[in-house]
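These notes are about the structure you will find just below.
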Amino acid sequence: MNVILYQHSIQNHMKKTAPYLVYLSPLAFVPLVLLGPLGREQYSLWAGTIGLVLYVLTLLPSMIRRYGLHTGVGKPIIANLLPIRRELGILMFVFAFVHYLGIKILPTVLFGLSLTFPLYQIFGAVALTLTLPMFLTSNTWSTRMLKGAWKKLHRVTYVAGLAIFGHVVLVGISWQAVVIGVVMALELGSLVYAHFKK
Ligand code: HEM
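Listed below in structure tokens is the structure:
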């Protein structure tokens with residue numbers, strides 16, 4: 002009983018806090034202005050990692066449901082993440098954009114670097130571009146206006162995930178690459194599983 006009450010209180014807390022985090026999210030750009038070049042680079046790399054983790058969190062509720070784990074081990078994860086999924090998606094884009102500004106745009110502009118397009122950055126740019134429509138439509142008004150099309154549009158997320166995987170794996174083998182690799186394999190597996198279970 003106590004566990005259930007505790008669970009409900011965390012859930013309510015997250016639901017209430019998430020919109021404020023979205024309103025405060027422009028603050029994530031401030032360190033880009035305040036930090037020196039080294040600090041900015043470190044911060045931007047962290048922003049990329051935060052973006053990746055937030056992206057993974059947006060996928061978990063549906064994935065857990067497709068595997069049929071929503072009544073068992075997956076129940077608390079769904080209960081906490083599903084109500085704030087839109088906010089997580091918005092925050093994901095904000096951090097990914099901070100990452101892009103801090104690691105590519107600002108150094109190029111401030112130090113007059115010539116523009117280069119290595120493959121891993123092309124993957125990153127594809128991921129960022131594909132998450133833009135989702136960022137723009139993750140509000141109540143768009144959900145109502147787009148109706149069924151909203152779900153279809155948000156399916157683009159899977160392609161964005163593959164692009165993030167390509168981006169991070171080409172940067173190097175890291176824990177981030179392992180996390181996104183495993184999650185995307187499970188995500189695609191869940192889609193195949195759900196298709197054949199019908
Ligand atoms: C959804 C979009 C993106 C996500 C989630 C993302 C995520 C990441 C992550 C997790 C890392 C590794 C961080 C670390 O090693 O600490 C990284 C590295 C990097 N990303 Fe991104 N990224 C995205 C888009 C972009 C874009 C659009 C660009 C530039 C065109 C870019 C440029 C870089 C660079 C330059 C690095 C560092 C490479 C190195 O260490 O040599 N990223 N990104």
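In my numbering, each residue carries its 1-based index in the sequence shown increased by 1.
We treat Cβ as the ideally placed atom computed from N, Cα and C, and that holds for glycine.
If you're wondering where the values come from, they're calculated on a predicted model, not measured in any experiment.
Leu131 sits close to Ala164, with the two beta carbons spaced by under 8 Å.
His100: member of the alpha helix (DSSP H) spanning 86-101, first to last residue. The three-state reading of DSSP puts Ile78 in helix, counting H, G and I together.
In the DSSP assignment, Lys153 falls within the alpha helix (DSSP H) that extends over 149-155.
Between the beta-carbon of Leu58 and that of Leu82 there is about 6 Å, and that keeps the pair under the 8 Å contact cut.
Distance from the C-beta of Ala29 to the nearest heavy atom of ligand 1 is not below 7 Å. With the rule of 3 Cβ pairs closer than 8 Å, the region 11-20 does not count as touching the region 56-70. Within the chosen limit of 7 Å, ligand 1 does not reach the beta carbon of Leu89 with any heavy atom.
For Thr138 against Leu147, the beta-carbon gap comes to about 6 Å, under 8 Å, which counts as contact.
Annotation for His168 indicates a beta carbon within 7 Å of some heavy atom of ligand 1.
Between His71 and Ala128, the CB-CB gap reaches or exceeds 8 Å.
Here Pro119 carries a coil assignment [DSSP, helix/strand/coil]. Around the beta carbon of Phe96, a 10 Å sphere encloses 16 or more other beta carbons of the protein chains shown; the residue is thus reported as buried.
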